[in-house]
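Notes for the one structure printed next.
Number of protein chains: 2
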Amino acid sequence: MKDLESLSASQAARALSRREIKATDLLLACLDRIGQRERVVRAWVSLGKENALARAKELDRGSIKGLAHGLPIGVKDLFDTYDLPTSYGSPIYANHHPFADAVSVALLRQAGGIILGKTVTTEFASFKSGATSNPHNTSHTPGGSSSGSAAAVADFMIPLATGSQTAGSIIRPASFCGIVGYKPSFGKISPVGVKSLSTSLDTLGCFGRTVGDVALAAAVMSGDLELANIKDLHNKPRIAVCRTANWSLVQKETSAALSLCGFAANKIAKGALIDTTLPKFFDGLALAQSRIMSSEMSRNLIFERIRFPKKLSPQITAQLSEGAAISYESYSKDKAYAREARALIEELFTNEFDLIIAPSAIGEAPASKSNTGDPVFCRGWTLLGLPCINLNITSGPNRMPVGVQLIAGPGQDHFLLSAARTIALGLTDPVARDQA
Amino acid sequence: MKDLESLSASQAARALSRREIKATDLLLACLDRIGQRERVVRAWVSLGKENALARAKELDRGSIKGLAHGLPIGVKDLFDTYDLPTSYGSPIYANHHPFADAVSVALLRQAGGIILGKTVTTEFASFKSGATSNPHNTSHTPGGSSSGSAAAVADFMIPLATGSQTAGSIIRPASFCGIVGYKPSFGKISPVGVKSLSTSLDTLGCFGRTVGDVALAAAVMSGDLELANIKDLHNKPRIAVCRTANWSLVQKETSAALSLCGFAANKIAKGALIDTTLPKFFDGLALAQSRIMSSEMSRNLIFERIRFPKKLSPQITAQLSEGAAISYESYSKDKAYAREARALIEELFTNEFDLIIAPSAIGEAPASKSNTGDPVFCRGWTLLGLPCINLNITSGPNRMPVGVQLIAGPGQDHFLLSAARTIALGLTDPVARDQA
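Residue numbers (the numbering used here), protein chains in the order written: chain E, 1 to 436; chain R, 1001 to 1436.
See the structure below:
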């Protein structure tokens, strides 16, 4: 058997449930890897080694608790944990100890997951970056806001981590770090106990190294345990490639990744791949998402704005001021537009396609530690509430990973995971195929 | 001028903004009233007298902060407050001090509101009652879950209080206590910082003694400040009386209240009042709401279930077990049914009516302190996410108040408040007319 820290979450879960490996050994392997790499990657805000080891021993002795039995898990430091401090990436919460776990964290523990530590988030999951590096090249950003979660999973420090996306905070770092990132349908995972930016956009999800990994984590976090049993595709899906209204921004490597994924998808598509340009009506999605987010943030962070203005970064202060300047009327118009767009995309999914393939990001991870990259290719899909998954496809001019995202219709999470696994199997790059 | 504690929130706000009365005097009048009545009403979990007095003095000296300038406000103890303990009606949180205010509380403070104290909630806003009595007859329940908020406003202890509704926790206690209770459209007020039962149902709102009061509070809590400027009705609305699928449960006094409200509504209706029976399809609403609520509660309270099972009441333990026993598949079916029902009711509001009049509760407040009454007449409207307002209409055989609720189409909060005020003006009972 290869080094334990290299096992995917699904491989490890299977071996653990059969008692072929010990939770303690897997945890120690992860801790070793963290010991070797954390100095340069800086994925973690805190580690709870003792608690984690005690829990691992308990799990090795006791019965199998559930799907996540014995898996070491990184939790984005936006999620409350009762036994580890939770700072939301902000000095305001430097010494904050929540009373309770976030619901998704408690569900992971109940299923036998071991919460190993808290991973770096940008400030309140917005744009001010933390200290984390991209493990593929430490002068590049891992993306944000789920920076530490994506970097830790990509660097084999842990097999699974939690994330959240309000604009592009799961799909973008997954693409930049070359792993699988999954943002389920809006509302699929209870957001309770996770610091909120924008109530109508915040969506919880997870990172893993295979489609099966994220399916497993999302199954536990949502309570929809069937999600972990990825089904074979019964019918060939209608698959559309969508360059989106922001295509002019795209770099060559993303264009290439889209093509390569298209080849794999074409093998399983009903008929030939559809080249779709969404109706003009959708062109305003990214802008509307950005305004709704800023407007809701200006209210959701009102306590911090009033009581700790000096402890907010200039970046987020500017974003909050912008948000506060948006009139309620204009906010309502954006919300009404989003509702219409959701109805329209549902129709398109019914009538024209079952799956969309689209860019995850503009290109490779920017060669910067302070710029987490542009979420423009994620904003619209988040606003539409659709389930999205990033697959790692190729690499760019700096040998950094480049992914694409697959997007399914509203609530079609089971289908999305099936399609993602099948498409990954059709990729020609053997590393990319390993995601299946 | 009459006793300050008898002023409605809108009257007080006007007088405060013109410096005709002092925030300090209003607060002292409220504290006096609380001093006289709290021993029997038991509306409060905690009072922050010193902080409130300091804040009132500050507001009397400084500029006018906003719409709630100088108004003493009761906050349901389900809402986090940074300066008052917050126990969610549960011994698990007996010594819990949140770091931050709930967003809606911070917005009330920013607008000049004085958070006077925390009002009694049932356990986690579910069915296990607190100590509060109905101020009209202390052997009767005030209703729940927003028991203390409704009782305190009805008893003139405060002009305004916050509430939340997952099944019938605003409309029902408002009806039982004879005041105005307003549950805005789902999502209108940010739920952040309020302990969540059921993410897809929890809706924040407020209590006052007039339509203008709840409009003022909801304007501040939502950020939609225009909500406070209740407009005259431009066109005569199409008004439907809806007995709902649960009409057989109704007591005589509720039937009478519906008729009386119907008379007032008929005066302003376009054409004659419509007697609507909703399509059969809607008959399952109350049951679906109940199942969705229990299922989501079983996840949202997972931390408490696992770590503090003995500190949960038998009532909520039973409800959580029921919820946990619901399969995800069956939960998904209920959610899909709710989505369909929302689309269908929107069509009905477009094609057939603008406003619905329906029972708020089965009848008067039950003559019991432990039974907060049945929310069956609220469940469906909450599941549909529609804005609802309770008007006090008449009294029952025990001389307890009886209200009815007005319900508008999705997002039609401005219209609902206009219609409610106009209908209140048309009521013949002078006390009921005072709600306008």
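Heads up, the beta-carbon is just placed ideally off N, CA and C, and yes, glycines get one too. Since we're looking at a predicted model, the values are computed, not measured.
Where residue i sits in the DSSP three-state scheme
i, result
"R/Asp1224", "coil"
"E/Val153", "helix"
"R/Gly1380", "helix"
"E/Asn51", "helix"
"R/Lys1188", "coil"
"R/Ile1326", "coil"
"E/Thr350", "helix"
"R/Leu1160", "strand"
"R/Tyr1082", "coil"
"R/Tyr1088", "coil"
"R/Gln1251", "coil"
"R/Thr1428", "coil"
"E/Val442", "Summary: the structure shown does not reach residue 442 of chain E, with chain E confined to residues 1 through 436, and so no result is reported for it."
"R/Ile1114", "strand"
"R/Ala1068", "coil"
"R/Ile1306", "helix"
"E/Ala358", "strand"
Test: residue i CB closer than 8 Å to a CB of chain R
i, result
"E/Val103", "yes"
"E/Asn300", "yes"
"E/Gly187", "yes"
"E/Tyr328", "yes"
Contacting residues, own chain, Cβ-Cβ under 6 Å from residue i (five flanking each side not counted)
i, result
"R/Phe1127", "Gln1315"
"E/Trp381", "Cys388 and Ile407"
"R/Ile1423", "Ala1264 and Ala1265"
"R/Gly1409", "Phe1349"
"E/Met1", "Note that E/Met1 has pLDDT 48, beneath the 50 cutoff, so the model's placement of it is unreliable and no number is given."
"E/Leu227", "Ala215, Ala218 and Ala219"
"E/Ser196", "Asp202 and Asn300"
Spatial neighbours of residue i in its chain, beta-carbon cut-off 7 Å, leaving aside the 5 residues before and after
i, result
"E/Asp60", "Lys22, Ala23 and Thr24"
"E/Gln412", "Pro387"
"R/Arg1379", "Ala1167, Gly1168, Leu1285, Ala1286, Gln1289 and Ser1290"
"R/Val1192", "Ala1102 and Val1103"
"E/Tyr82", "Pro98, Phe99, Ala100 and Asp101"
"E/Asn351", "none"
Cβ-Cβ distance between residue i and residue j below 8 Å
i, j, result
"R/Gly1143", "R/Gly1130", "no"
"R/His1096", "R/Ala1013", "no"
"R/Gly1396", "R/Glu1364", "yes"
"R/Asp1080", "R/Pro1098", "yes"
"E/Ala245", "E/Ile274", "no"
"R/Phe1415", "R/Leu1344", "no"
"R/Val1120", "R/Trp1044", "yes"
"E/Ser368", "E/Glu322", "no"
"E/Gly117", "E/Ser46", "yes"
"E/Ser164", "E/Val211", "no"
"R/Pro1184", "R/Gly1205", "yes"
"R/Thr954", "R/Arg1042", "Here chain R has residues from 1001 to 1436 only, and residue 954 of chain R is not among them."
"E/Tyr182", "E/Phe124", "no"
"E/Asp354", "E/Ile362", "no"
Chain E contact for residue i (CB, 8 Å cutoff)
i, result
"R/Ile1306", "yes"
"R/Phe1349", "no"
"R/Asp1224", "yes"
"R/Val1194", "no"
"R/Gln1405", "no"
"R/Tyr1337", "no"
"R/Gln1110", "yes"
Amino acids of chain E, ordered along the chain, whose beta-carbon sits closer than 8 Å to that of residue i
i, result
"R/Leu1216", "Residues of chain E passing the Cβ test: none, with the nearest at roughly 15 Å."
"R/Pro1191", "Thr199"
Partners in chain E for residue i, counting only beta-carbon separations shorter than 9 Å
i, result
"R/Gln1036", "Neighbours of R/Gln1036 on chain E: none; closest Cβ ~34 Å, over 9 Å."
Partner residues on chain R for residue i, Cβ-Cβ distance less than 7 Å
i, result
"E/Ala106", "Ile1302, Phe1303 and Ile1306"
Chain R residues whose Cβ lies nearer than 9 Å to that of residue i
i, result
"E/His96", "Phe1099"
Cβ-based neighbour list, residue i, same chain, cut-off 8 Å, excluding 5 preceding and 5 following
i, result
"E/Arg399", "His136 and Asn137"
"E/Gln319", "Ser126, Phe127, Ser294 and Met297"
"E/Val105", "Val75, Phe79, Asp80, Thr81, Ile115, Thr162 and Gly193"
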